[in-house]
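To start, the structure under review is shown below, and the notes come after it.
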Ligand SMILES: C[S@@+](CC[C@H](N)C(=O)[O-])C[C@H]1O[C@@H](n2cnc3c(N)ncnc32)[C@H](O)[C@@H]1O
């Protein structure tokens, strides 16, 4: 896990960092768990960032019917992955490219897989959070700092090559819809504040006011379980639609981003 100073004399005015993630493969049971926890199907396009020998993308194609892209900085590994895909009979569904993960267009991915290092995950985080709401991100072992996973599982890996703990963690995030701000549906006004998957809502309209906090699960903006009933909302193409008829808000009510300080009916 080299992450050290470049071999230049101390006289250099700035510090240069050599950044690299070593090639260590994800064991097969962990690969399957990563694809399982993301619920990969034939409808998915899986992008593995730092694809190594291509095992995650090849398994996604062979076992789950998904298409996939692997990007990898080491040309020999890209050649090896391409050959593995050909031998596995999934060359038509998969592509491997010599490319820097930080220069990769992720927008076609419905599932992004990572086995990198914590600081790499953090550097990728803004680009991951900007992906289409509901996109699944799966990381082997490393998390995303204060963007907490939606789910984590732990697997025994008796022959794990690194670390003392012979276990792997698999973390799953669903990119939360970006709902922060004010929304209007006629005279009803919904104000939302958001931190990753957590939100607080204030709903005003007529004489009534409701406030609550809850979680965002991809495109679903869900109220807390228990306590007074609060509306469930669904993000859809830039609008928020009430999926339940509670708190004086009929099901199907459609909120658009507020254009002014007040909502008028
Ligand atoms: C820990 S390995 C994981 C390989 C594979 N994803 C797996 O889980 O088996 C990380 C891979 O990322 C590659 N890598 C590191 N930095 C990269 C970068 N900036 N762009 C593309 N690939 C990179 C490494 O060469 C290495 O093959």
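In our numbering, the protein residues as written are 2 to 266.
Glycine residues also receive a C-beta, built at the ideal position from the N, C-alpha and C atoms.
Because the structure is a prediction, the values reported are computed rather than measured.
| Check | Outcome |
| --- | --- |
| Burial state of residue 6, where buried means 16 or more other Cβ atoms lie within 10 Å | For residue 6, the predicted structure reports a pLDDT of 39, less than 50, and the residue's modelled location is therefore unreliable. A value from the coordinates is still provided. Classification for residue 6: exposed. |
| Residues that residue 240 bridges to, as DSSP identifies them | 237 |
| Supposed contact pair residue 97 and residue 52 - C-beta distance, whole angstroms, cut 8 Å | 6 Å |
| Per-residue burial, residue 34 [other beta carbons within 10 Å of its own, 16 or more giving buried] | buried |
| Cβ contact check for the segment 132 to 152 and the segment 82 to 98: 3 or more pairs under 8 Å | no |
| Beta-bridge partners of residue 183, as assigned by DSSP | 192 |
| In DSSP terms, what residue 175 is bridged to | 137 |
| Neighbour-count burial assignment, residue 171, 16 or more Cβ in a 10 Å radius | buried |
| Simplified DSSP state of residue 262, which is helix, strand or coil | coil |
| Own chain residues within Cβ distance below 7 Å of residue 194, not counting five before or after | 181, 200 and 201 |
| Own chain residues within Cβ distance below 8 Å of residue 90, not counting five before or after | 63 |
| CB contact flag (residue 233, residue 221, <8 Å) | yes |
| Three or more C-beta pairs below 8 Å linking the segment 101 to 110 and the segment 33 to 49 | yes |
| Test item: CB-CB of residue 173 and residue 61 under 8 Å | no |
| Residue 56 beta carbon near ligand 1 (any heavy atom closer than 7 Å) | yes |
| Own chain, CB closer than 6 Å to residue 204, minus 5 neighbours either side, in chain order | 191 and 211 |
| Distance cut-off 7 Å: residue 52 Cβ against heavy atoms of ligand 1 | yes |
| Contiguous alpha helix (DSSP H) assignments of at least 4 residues, all confined to the segment 109 to 154 | 119 to 130 |
| Pick from 31, 25 and 27 that is closest to residue 154, judged by C-alpha positions | 31 |
| Given residue 75 as reference, the closest of 86, 100 and 183 once Cα atoms are compared | 100 |
| Boundaries of the beta strand (DSSP E) in which residue 61 is found, first to last residue | Per DSSP, residue 61 belongs to no beta strand (DSSP E); it is in the alpha helix (DSSP H), 56 to 65. |
| Residue interval of the alpha helix (DSSP H) (run including residue 88) | 76 to 88 |
| Straight-line gap, residue 277 to residue 176 (C-alpha atoms, nearest Å) | The requested residue 277 is not part of the displayed model; the chain covers only 2 to 266. |
| Residue 179 to residue 130 span [Cα, whole Å] | 9 Å |
| Check whether residue 231 and residue 242 have beta carbons under 8 Å apart | no |
| Environment of residue 160 [buried if 16+ CB atoms lie within 10 Å] | exposed |
| Range covered by the beta strand (DSSP E) that runs through residue 50 | 46 to 50 |
| Neighbourhood of residue 198 by C-beta distance below 6 Å, restricted to the same chain and skipping five residues each side | 177, 216 and 217 |
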